[in-house]
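J.:
Chains as they are written, first to last, in this note's numbering: chain W, 1 to 349; chain A, 1 to 349.
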């Protein structure tokens, strides 16, 4: 039990796993490919998080600080795992920086990759500067700059948020739902309305998936308190008349074609499997599920178990996930590691 | 650190929390109001669980056995907590059976109450015997009886599943979404089609919320492989012509009134806050959120924290929740208890 647990990825799930292990006196090494911990909420500059409304830099930043202050946890940043051999209790990892780590087990908290909107060219991203992504709007808010049209810095008077960009779209090989974009978009719409009370915000959707208690806090509140408008529609294309962006499609409830001018169009981009997953799967010898996420077994026994004994996975590495659930899964994966170690001990005792 | 942790509720979240605590050598006492452990999946006789397809009696039954075999965990069944005093590290609980328990902390895993369909009288439950709930269909499947019309035992040829019964319905004071009914209904629809290949199954919905990877495994698979039909509709009432049940409403996509005969109508019943929550809140001195669930704070620090220090909550006690997430939250709540104890120790050291 003296070897550390190797945690790959320093986002919410990885930070939670490391904290849990340290809580019970178990050491951990976090290997993070970027130059600092925090994962996507920090690295992509998210603003106020769903559902707490806390700023990402405070909420996830606090998790980073807690782990950095913890003597039992060390971090290797700007590093990846290039080889991983051995058996449960006795793994050997080689890092891209040349270091070698002996590990009892590994937890893969390698997250996701934001969908790149250039892969949906008919919706205007990369062609018109005022077509942006939810991540860009998060950055406009978190930076303090405010929501502005990139083309000329003006305050938009009409904003369209298009849901399911890179989600539920078989034409471009993304069949899954990204789970959280509906709620994040509601949240962003309210942020825009709060900063720019004269700006009209429309959300174009297939199905509104503000599940559970998000229904009240986001779907209803955004409509009633913030006057955000929801339109069930199929969007065909985003073009420009030289002055405004033009969203064309069909309102599927009234069965009418729509052609509406906007100052800014926001793509609610989905969660792709981490682009590194094929390499991660090969290095760690674990299976991917059909969409390309890390495959995990059931939750009833040792949860977060991949196809390789002693290697676990948590958070958005296993499929689109909320931050809260990623954190819970990180804690639970840490417990699964400890539980498996206990079983080994009891068998050898 | 010698006192046990009190866990209230022996369902998936409570079983997970108890297992986690025992894993790290910490004892726990589960207080369960019913006469056995397992929670709703066992007590309501669920069939194959989302998303693993494992039978509830095996999946959750296995979790029960693991905890029952664990010397560090004891259970008080057919009992409730009637008083809970003290401070973190030093709580005193009195049970309805007269026993007294000294506890370091408490985790409330008190789950939910199924919506009672008699509160939606215009949809025919309680009036027509062949109007049933998703829970009843689960029981027909798990008992081995098969899906049959209660009125005369015949195999239904046409089944309608109505979503959002007791969810997203302000008229009856249930504004929240129950999160998992869409996916459970897809699952049940496939089960029916598998047992009765000649039976047509229709799902009437507002929004289909098969979020994340459920989209592929349930929404698409049920349509393509099992030919389940999805109709976006507002249902007005369920009546009978003396022979068949008649579902009346409006197809909201084609804007046409619908009047369709069925042999069986299934209410996809939602998750109400546990009816005992007002009492639980009073005994434990914790706050409820606006809908009546147990209120918990953010997940970034010690997750699962209620308004009373030393008292935690996990799973569907805090809002509609999946089984998998309830389990992860149970493990995470156990870690939060240990983490808080560690902080106290380090401050007094």
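Cβ coordinates follow ideal geometry from the N, Cα and C atoms, glycine included.
Three Cβ pairs or more, each shorter than 8 Å: is that satisfied between the region 213–228 of chain A and the region 182–189 of chain A?
T.: Judged by Cβ distances under 8 Å, the region 213–228 of chain A makes contact with the region 182–189 of chain A, as three or more pairs qualify.
J.: For a contact defined as C-beta to C-beta under 8 Å, what are the partners of residue 319(A) on chain W?
T.: Simply 212, 213.
J.: I'd like to know if residue 169(A) contacts chain W, where contact means its C-beta is closer than 8 Å to some C-beta of that chain.
T.: Output row for residue 169(A): interface = no.
J.: Alpha carbons only, please: which of 264(A), 249(A), 36(A) is nearest the one belonging to residue 257(A)?
T.: The candidate whose alpha carbon is nearest that of residue 257(A) is 249(A).
J.: Of the residues 201(W), 334(W), 289(W), which one's Cα is nearest the Cα of residue 216(A)?
T.: Comparing Cα-Cα distances from residue 216(A) to each of 201(W), 334(W), 289(W), the minimum goes to 289(W).
J.: Check the Cβ-Cβ distances between residue 329(A) and every residue of chain W, and say whether any is below 8 Å.
T.: Chain W contact via Cβ: present.
J.: Around the C-beta of residue 151(A), are 16 or more other C-beta atoms found within 10 angstroms, so that it is buried, or is it exposed?
T.: The residue in question, residue 151(A), is exposed, as its Cβ has fewer than 16 Cβ neighbours within 10 Å.
J.: Hey, out of 305(W), 158(W), 107(W), whose CA is closest to residue 21(W)'s CA?
T.: Among 305(W), 158(W), 107(W), the Cα nearest to that of residue 21(W) belongs to 107(W).
J.: Can you give me the C-alpha to C-alpha distance between residue 338(W) and residue 24(A), rounded to a whole angstrom?
T.: Approximately 7 Å between the Cα atoms of the pair.
J.: Residues in its own chain within less than 6 Å of residue 83(W) by CB, not counting five upstream and five downstream?
T.: Closer than 6 Å at the Cβ level, and outside the excluded window around residue 83(W), lie 94.
J.: Just mark residue 58(W) as buried or exposed, buried being the case when its beta carbon has 16 or more other beta carbons within 10 Å.
T.: Exposed, since its Cβ has fewer than 16 Cβ neighbours within 10 Å.
J.: Does the beta-carbon of residue 286(A) have 16 or more other beta-carbons within 10 angstroms, so that it is buried, or is it exposed?
T.: By the 10 Å Cβ count, residue 286(A) comes out buried.
J.: When the Cβ atoms of the region 24–37 of chain A are set against those of the region 2–14 of chain A, are three or more pairs found closer than 8 Å?
T.: Yes: the two stretches touch, three or more of their Cβ pairs being nearer than 8 Å.
J.: Using a Cβ cut-off of 8 Å, pull out every chain A residue sitting near residue 104(W), in sequence order please.
T.: The contacting residues do not exist; residue 104(W) stays about 14 Å from chain A at best.
J.: Run through DSSP, which three-state label would residue 278(A) get?
T.: Residue state, collapsed to three classes: helix.
J.: Distance cutoff 8 Å, beta carbons only. Does residue 245(W) sit that close to anything in chain A?
T.: Judged by the 8 Å Cβ criterion, residue 245(W) is not in contact with chain A.
J.: Between 299(A), 169(A), 296(A), which lies nearest to residue 236(A) when the distance is taken from Cα to Cα?
T.: For the residues 299(A), 169(A), 296(A), the minimum Cα distance to residue 236(A) belongs to 169(A).
J.: Step through the CB atoms of chain A and report whether any lies within less than 8 Å of the CB of residue 9(W).
T.: Chain A contact via Cβ: absent.
J.: Is the beta carbon of residue 112(A) closer than 8 Å to that of residue 333(A)?
T.: Against a cut-off of 8 Å, the Cβ pair of residue 112(A) and residue 333(A) comes out as no contact.
J.: Using C-beta distances below 6 Å, list every residue in its chain close to residue 123(W), excluding the 5 sequence neighbours before and after it, in chain order.
T.: Closer than 6 Å at Cβ, skipping near neighbours: 238.
J.: When you compare the CB positions of residue 118(W) and residue 264(W), do they come within less than 8 Å of one another, or not?
T.: Contact: no.
J.: Take residue 343(W) as the anchor and find which of 280(A), 19(A), 303(A) has the nearest alpha-carbon.
T.: Ranking the options by Cα distance to residue 343(W), first place goes to 19(A).
J.: What number of angstroms, rounded off, separates the C-alpha of residue 91(A) from the C-alpha of residue 293(A)?
T.: Straight-line Cα distance between these residues: approximately 23 Å.
J.: Which residues in chain W sit within 7 Å of residue 192(A), going by Cβ to Cβ distance?
T.: What residue 192(A) touches in chain W: nothing, since even the nearest Cβ is about 23 Å away.
J.: Rounding to the nearest angstrom, what Cα-Cα distance links residue 161(A) and residue 155(A) in this structure?
T.: Distance between the alpha carbons of residue 161(A) and residue 155(A): 16 Å.
J.: Among 304(A), 341(A), 179(A), which residue has its Cα nearest to the Cα of residue 324(W)?
T.: When only C-alpha atoms are compared, the closest one is 304(A).
J.: Between which two residues does the alpha helix (DSSP H) holding residue 57(W) run?
T.: Counting along the chain, the alpha helix (DSSP H) containing residue 57(W) begins and ends at 56–68.
J.: Kindly indicate the opening and closing residues of the beta strand (DSSP E) around residue 233(W).
T.: Run containing residue 233(W): 229–240, per the beta strand (DSSP E) assignment.
J.: Which of helix, strand or coil does DSSP assign to residue 322(A)?
T.: In the structure shown, residue 322(A) sits in coil (DSSP, three-state: anything other than H, G, I, E or B).
J.: On the DSSP letters alone, give me the boundaries of the beta strand (DSSP E) that residue 82(W) sits inside.
T.: Segment 81–87, the beta strand (DSSP E) holding residue 82(W).
J.: Quick one: what's residue 74(W) bridged to in DSSP?
T.: According to DSSP, residue 74(W) bridges with 29(W).
J.: So with Cβ pairs under 8 Å, would you call residue 300(W) a contact of chain A?
T.: Yes, contact with chain A.
J.: For residue 55(W), which residues in chain A fall below 9 Å Cβ to Cβ?
T.: Neighbours of residue 55(W) on chain A: none; closest Cβ ~11 Å, over 9 Å.
J.: Using a Cβ-Cβ cut-off of 6 Å (strictly less than) and excluding sequence neighbours within five positions of residue 284(A), which residues of its own chain qualify?
T.: Result list for residue 284(A): 84, 311, in chain order.
J.: Measure the CB-CB distance between residue 163(W) and residue 75(W) and report whether it falls below 8 Å.
T.: Going by C-beta atoms, residue 163(W) is not nearer than 8 Å to residue 75(W).
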